[in-house]
Structures are given as structure tokens and as C-alpha cells.
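These notes are about the structure you will find just below.
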């Protein structure tokens, strides 16, 4: 089984978000970048398939040279090869078209992407990719087993979960649950050394459309101060929620 | 050239997000000088969509579509969009809509913008405001493709009544076997309880509750309020509560009218996930907890004393107001 894990290079979850150039760009100044958490759960599940079922695991990112440390981390965790499509990820549709080309050339059986990136929150790359390639697709995937060409997955739905049966080739939009938080791996020195010797292919982008464009960003309006209610007077909170906030 | 809206239903009953999506579609149709056409799947009271501004309902009645199937539903919506020559398609932000939208986007080469929080800023160019950076910011996004798909955030634009009379037409799409290549085997859905995705009120507990055995008061408070229960990331990581209750940046987003946080300090990742909620209440014994800076109302106090008291006061309030 040949697996491609799609990785997005995103600001660390603790990052404060600021915008620059007249609020048209995300300000990367002082920001630490990491593997998108949803992708990291998928990468870790791919490692399981490698170790238990002999799968080959490649990772891919669409981005400029500045994303390479993040991709290298995926190699240090255990991916066999890396591909970087040398283009700015303009929007989700654009990225999916780039990835479709990589999948066609690499003949992958299983493509694991995160349900969404935690920066631009498009949540569309895996679904568009699957549809462009006419592959099966399971989104918000929280469990995945592969047996031959058969895939059994569990998808999170609003208020519950759904068990799904399908077949390879398959694209999944993964998230926490594919593996547990405690299963996530921190690269060790041996992994980091080995990662240096692994194939790292930089490929040129293909012509692709870009149907959406973020024109401007803004931060949420600053909040007024909290209204404190005395712990001995809880009834006042009920009063405020009813008469002032009008939410009960 | 109508605006098409996917109206979600469960066991024949339209969901609240169907009315929100229809209300939003009506606003877009007004801006564009056209009308709204809804697509419904095995729903019972199709004409009721007229209340929210839907002029025509394409009614799909098909046993093979009783359970949601993203690929097959996207096929149906693609055919409906072509029949109606729709240039704008409105969906919700439910798990099903977010599953289906990218498939439809690829089929129609349509730009898709999820998590939209307000009516379009303009329709030429087509600009919508959406959340980005996991609720730490907003983006004004231009959609430049011929067909445009918008996912509307829950509890943002809201439900508006725009009474029109809705005509209901049977719609029989043609579906190939390939549309069902991803099969639903079993659906395990909590019934009779509000879910985080569509609840008006969410009650959430954190590490300050000290252990899973103390969750009965969280559940009781949620019961009194008709709320969904949720938890912080450490709580789900420690296994006190299921992952499905984890709200925050890497968990579920919350966009409720009222969010009550008990014993949650308010890490930046947690606050990002619940930021879209309208009114936030925090109960914490640490006055320095960062959550107090993000909340509208707060009580500094011991949750084990404050919450039972709050439950009593809410019961009295309900007794007086019903």
C-alpha cells in the first residue's frame, strides 16, 4: 500500500494572530510553524500502517521553501520520502489541483489529509482532491482500518458517529481520533539524522485555477470587561442572562 | 438563475440549520434580484420552507437517500444546480454540509467559502465575511468563479422570516452505482439530547472539576437549560469525557448563544474554539484565569458550591417563567 500524507504548514496553536500589509496578509513575524494538527493525527496513523502493514509513506506540501523544516519533521517522524510543490498555496481549490497531479504521478492507494488546516480553515482540500481524481472520500474521519482493498472508517457526525465501508483508492479528511493525542510522536535524534538522507523532491506547480481570494483580514472586536457576579449571589447571574443578555 | 439552498433534515424534519441557510439564501436572492429554490431529501413539510423565503422546493423522495451520503447528495445538488441554472449555492456548516460542499465545488468548478458569518458584503465582486485562523480572525473573501458555494455559520446570520408561498415539485435525479461507493454501515447518533453543533446553549467543564465523577452537576445544569455538554482538551485527553465533547481549536468549534465554562482556565486554543459564541459565562475559583478576560459574565468561586446553587436558581426561574 502506498500512502500520501498531505501536510499543511500552520502557525502553532498557541500563536497570537496578527495581520500586516494593510491587513491583507497574515503576519508571520515571530510565529512558530508546525505540522497542521489534523494532518499530524493522519501522519501518525500512516506510521501505524507502515509498521503493521508494510505501507510506504510519502508526505507532500504545497508551499515555498520556508515550509521545509515542517516537512523535514514529518520525515524525522518516519515518512519515507517528501515532495514539495513549489508554489504559494493560493486557495484550497488551487492546492487540491496541485495535489491531484502529485497523486496521479505517484499512484497512491490512500491519501490522508487533515479535515481542515487550523489557519485558513477552508476544509475543502481532501474533498476536492478526491472528486478531481474520482476517488472515494471520507471526511472527519476518526478511525480507519484497511484490509486489502477494503476500507472501514468511522466518521464523526453532529451528535454521534457513522461507520462507513468503502474501497481503495481512498482520500480521507482526518482529525483527532485517528490516533490518540498520546500516540503523537516527537522526532528523536536518530529520526532527525535519517531524515537528512531521505529523498526530498521539489516539483514545479501545474497551471491551476484559483476561484477564491482572501482580500482582507480583521481581528475580532475587543471585548468589554467581564461583569462579575458575587459567588454568594448566583441569582443575579440568572437575572442578567435573562434580562440583559436575553439568552435564557 | 435562482439561488439554490440545501435544506437538511433528519427523519423527515428540517433542521434549524435548514431555516438559517434558507434565510441566508433569501437575502442573497434579494441582492441578486432572483428567488430561492431549495432541495430537500425525504422531508415531510416542504411547504414550510416558504416561511423563510423559499419560492420553490425540489423535493427528492428516494429510499436510497434516506441516510446522508455525501457523494450521492452532491450528485443530486449538481443536477439541481444545472436544472435551475443556479450561480449561488447555500449550505450550512454542519458536518454533512462540510463533507458535501468540497465534492460539489469540484464537480461545478465552484469557489467554496465555509464559515460565512454575514450577508454578502457585495455581490459584484462577490465578497463574503468568514471566520479564519480558527476564530482568531475574520477574512473578507472574494469568490470569482461563475458558480459560488457558501457555507453559512450556525447562529451568525440567524433565522429570518420572509413569508412567501413555496411551490413543491418532485425532483428525480439520476444516480449511478458509483454515487454509492462510500456506504454507511451504521449510524450511532445521540437522540433526545442537544448536540454541540446545533445547541443554543453549551455547558462545558474543565480540569477544575477534578474528576469524571463530578460531571453529574454539569449534566444536571445542561438538563435544566436544554444545553449540550462539552469539555476542554485536557479533560478529553485524560479520558474523563469522550473526544466528541472536546471543544477548542483542534476539537469542535462552538457557536452557541450562551457558553458556560466551569473550571476552565481559558487557554488561547480553547478560547479560539468557543469565540463564535455570543455570550460567555465563566465560573472559576482563580480570579487570574485568562477566561475572565474573554467572558461577558463571571463568578469567582468554587464550582462545587456555585453550580448547584445556579441549578437551583435556574429551576426557580423556570418555574416562574413557564
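Protein chains in written order, with full-length UniProt numbering: chain A, 1 to 248; chain B, 1 to 322. The beta-carbon is built from N, C-alpha and C at its ideal position, and this holds for glycine as well. Please read all numbers here as calculations on a predicted model, not as lab measurements.
DSSP places residue 47 of chain A inside the alpha helix (DSSP H), whose first and last residues are 37-53.
The alpha-carbon of residue 248 of chain A is positioned some 6 Å away from that of residue 241 of chain A. Fully contained in the segment 101-178 of chain B are the following beta strand (DSSP E) runs of length 3 or more, in chain order: 111-116, 126-132, 137-143, 148-152, 167-170. Along the segment 204-230 of chain B, the alpha helix (DSSP H) occurs as fully enclosed runs of 4 or more residues at 216-225, listed in sequence order. The C-beta of residue 140 of chain A has 16 or more other C-beta atoms within 10 Å across all chains shown, which makes the residue buried. With the rule of 3 Cβ pairs closer than 8 Å, the segment 165-176 of chain A counts as touching the segment 97-114 of chain A. DSSP places residue 144 of chain A in the uninterrupted beta strand (DSSP E) bounded by 136-147. No Cβ of chain B is located within less than 8 Å of the beta carbon of residue 105 of chain A. An exposed status is given to residue 225 of chain A, since fewer than 16 other beta-carbon atoms sit within 10 Å of its beta-carbon.
According to the DSSP assignment, residue 218 of chain A belongs to no alpha helix (DSSP H) but to the beta strand (DSSP E) extending over 212-218. Taking residue 124 of chain A as reference, the option from B:109, B:211, B:82 with the minimal CA-CA separation is B:109. Contact between the segment 233-247 of chain B and the segment 287-299 of chain B is absent: fewer than three C-beta pairs spanning the two stretches fall below 8 Å. At the C-beta level, residue 41 of chain A and residue 176 of chain A come within 8 Å of one another. For the pair of segments examined, the segment 109-126 of chain B was found to touch the segment 135-151 of chain B: the number of CB pairs separated by less than 8 Å reaches three. Of the residues assessed, residue 179 of chain A falls on the buried side of the cut-off, its CB having 16 or more other CB atoms within 10 angstroms. A Cβ-Cβ contact shorter than 8 Å links residue 59 of chain A with residue 82 of chain A. With respect to residue 38 of chain A, residue 115 of chain B sits apart: the two C-beta atoms are not nearer than 8 Å. Between residue 209 of chain A and residue 93 of chain A, the beta carbon gap of about 6 Å places them in contact (Cβ cut-off 8 Å). Per DSSP, reduced to three states, the secondary structure at residue 94 of chain B is coil, with no helix or strand assignment.
Only those residues of the segment 215-235 of chain A whose C-beta falls short of 7 Å from the nearest C-beta of chain B are listed: 215, 216, 217, 218, 219, 220, 223, 226, 227, 228, 229, 231, 234, 235. Annotation for residue 229 of chain A: 236, 237 place their beta carbon closer than 6 Å to its own, counting only its chain and skipping 5 residues before and after.
DSSP, read as helix, strand or coil, puts residue 26 of chain A in strand.
Flagged as an interface residue toward chain B: residue 37 of chain A, by a C-beta distance shorter than 8 Å. The three-state reading of DSSP puts residue 174 of chain A in strand, counting E and B together.
Under the DSSP assignment, residue 308 of chain B falls in the alpha helix (DSSP H) whose first and last residues are 303-321.
Excluding residues up to 5 positions away in sequence, 113, 171, 173 lie with their Cβ nearer than 6 Å to the Cβ of residue 126 of chain A in the same chain. DSSP places residue 11 of chain A in the strand class (E or B) of the three-state scheme.
With a threshold of 8 Å between beta carbons, residue 9 of chain B makes no contact with chain A.
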